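Here is the structure we will look at.
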Amino acid sequence: MRTLAILLLACGIASAQIADAVEHRDSDAVQALLKQHANVNATQPDGTTALHWAAHWNDLAAVKLLLGAGANPKIANRYGATPLSEAATQGNAAMIEALLKAGADPKTLTTADGETVLMTAARAGNVDAVKILLDRGADINARENYKGQTALMWAAAERHPEVVKLLMARGADWKVRSFDRPTKLPKLSAASSVSPMARGGFTAFLFVAREGDIESAKAMLDGGVDINQADVDGATALVVSIMNKKYTFAKFLLDRGANPNLADDKGRGALYAAVDMRNENYSALPNRKEDDPMPSLEIVKALLAHGANPNLALLKSLPGRSGMDSGDTGLGEGATPLIRAALSGDSAVMRALLQKGADPKLTLKDGSTALMVAAGVNYRDKFTRGTEADALEALKVALETGLSLDQVNTRGETALHGAAGRGADSIVQFLVDHGAKLDTKTKTGYTALDYAMGKNVFGQLPVPHDNTVDLIKKLGGREGKDIQVASK
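All the letters of the sequence shown, read from the start, carry residue numbers 49 to 536 under the numbering used here.
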């Protein structure tokens, strides 16, 4: 029995020699083995054959040689890969043609998840390879099982406009969506007002918008695609492109007639998205690099020029974009582009918005104004973008609109509370110099001095801003407990 096992093992090793030779690109060994009539369809332990390896190495001559020696073009290895799927990965049209002529099935699946060779070829981007597969009967609208994506989606996502044009011309279904997979929020956020962010539900056109591929977009729009197509959350292609900082593409959509005032289910329109992405603050990490040739301020101005409503406000908090983050900016319902710009001290955008009719009197649901937000109300340390100098400039812009320095929100906070809470001494000084009241108490009885001392941070150890504490005391500020309510 042991002798038989050894003989069988030796036979197996010997039979896989030609596959090994092609794997190692040893053409002399391949030729010698073929002359010895080696089994050209012998498999390695995982089922891979010499023809698999020839296709993998994009070696058309080896593929033709092996096919001529009787290699099976339909054989799949343990992972489901076939020589045709390997050729599709390479985008080699001539190799695909040779394999199909030898009997390979154009409807072959590349993976166990149902990816077809047409999808693989579309992803590779060789238009001739895609055309050959279509001509041989590949299903243009087949969907893989994991995310429900089609060949058109693959071509769009990989920025292959010529393939997109071909698929559109051949009747690819541009209305189909990838599977909608909502993100599960952590248990800690279950009671939060933050909304989950859906993943999926994209059409091919939304993939094009995400990538900022103008040529593919032209082909799809010319083929009848709705320019205002939206994802499952209601974010249009315009919003999607802006959220991915593809501003030149967004301008292209505007020029083609995209509606800038369509908002998603959270109330986020294109203008809010543009202001938000210009001042990303979703983690303590640096902002993503803007590599689009159009500056972010220019897309804000372009949106306004195309009629974007500067007063379109959020309906709810935006979902966080970085793991356990409890929310995007901490603004939530009622946030307008102006308030969002004020949060990050973006005075340039604030001025652009005000020139186009932004209403400075609009507030967050909690009653906070743009002035209060600029001063520091809703400020989140290490998350909110912009320097103290930026915030002071934004505060000055807000003050020019006639907003009151002493207006309070539903918590009883004023702009001075915000400045003190973030430890912004220059803003504290500016507010007091312009008449802000030092002793206004919140509904919990805290003054600006209490905020500077860190007393407003609930559930955590206070983190005082010592310099700000000293400044407010010097200016005459007191703790809430030291202020007596006047008797009636």
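Backbone N, C-alpha and C define an ideal beta-carbon position, used for all residues, glycine too. Note that the coordinates shown come from a computational prediction; the quantities given were computed from them, not determined experimentally.
For the alpha helix (DSSP H) containing residue i, name the first residue and the last one.
i: N515; result: 514 to 523
i: A422; result: 418 to 423
i: Y320; result: 318 to 326
i: G469; result: 463 to 470
i: Y499; result: 496 to 500
i: Y263; result: Checking the sequence, you will find Glu at residue 263 rather than Tyr. Here the alpha helix (DSSP H) through E263 covers 262 to 270.
i: Y295; result: 295 to 303
i: V273; result: V273 -> no alpha helix (DSSP H), and no H or E assigned at all.
i: A109; result: 108 to 116
i: E346; result: 344 to 353
i: Q477; result: 473 to 481
Tell me whether residue i is buried or exposed, calling it buried when 16 or more other Cβ atoms sit within 10 Å of its Cβ.
i: E328; result: buried
i: T492; result: exposed
i: Y127; result: exposed
i: N276; result: exposed
i: Q79; result: exposed
i: N109; result: First, the amino acid is wrong: residue 109 is Ala here, not Asn. So A109 counts as exposed.
i: H72; result: exposed
i: N515; result: exposed
i: G524; result: exposed
i: P367; result: buried
i: Q138; result: buried
i: L56; result: The pLDDT assigned to L56 is 36, lower than 50, so where the model puts this residue is not dependable; a value taken from the coordinates is nonetheless given after this. With fewer than 16 other Cβ atoms within 10 Å, it is exposed.
i: E134; result: buried
i: D261; result: buried
i: E448; result: exposed
With a threshold of 6 Å on Cβ separation, who are the neighbours of residue i within its own chain once the five nearest residues in sequence on each side are excluded?
i: S273; result: The amino acid at residue 273 is misidentified as Ser; the sequence shows Val. For V273, where only same-chain residues beyond five positions count, the Cβ hits under 6 Å are W222, F253.
i: G393; result: G434, D438, A439, A442
i: E192; result: D161, G162, E163
i: Q197; result: S226
i: I531; result: D487
i: T490; result: R459, G460, E461
i: D313; result: D281, G282
i: G378; result: N426, R428
i: A12; result: With the chain covering 49 to 536 only, the question about residue 12 has no answer from this structure.
i: G415; result: N457, T458
i: L352; result: K404
Look up residue i in the DSSP assignment and give the residues it is bridged to.
i: T284; result: A278
i: L157; result: T164
Quick one: what's got a C-beta closer than 7 Å to residue i's C-beta in the same chain, skipping five residues either side?
i: A267; result: P209, V212, K213, M216
i: K112; result: A146
i: V445; result: S395, M398, R399
i: Q65; result: L81, A86
i: S63; result: N87, A90
i: W105; result: R73
i: R526; result: D487, T495, L497
Counting only the same chain and skipping the five closest in sequence on each side, list residues whose C-beta sits under 8 Å from that of residue i.
i: V429; result: According to the sequence as given, residue 429 is Asp; it is not Val. Hits under 8 Å: R470.
i: L451; result: P408, K409, T417, A418, L419
i: A257; result: A265, A285, L286, V288, S289, N292, K294, F297, L301
i: T97; result: A67, V88, N89, A90, T91, A119, N120, I123, N125, P131
i: P512; result: A500, M501, G502
4 or more residues per run - each alpha helix (DSSP H) lying fully within the region 66 to 100: 75 to 83
Ranges of the beta strand (DSSP E) found wholly within the region 177 to 234, counting only runs of at least 3: 228 to 230
Continuous alpha helix (DSSP H) assignments of at least 4 residues falling wholly in the region 389 to 460: 395 to 403, 418 to 423, 436 to 448
Completely contained alpha helix (DSSP H) runs for the region 118 to 145, where each covers 4 or more residues: 131 to 138
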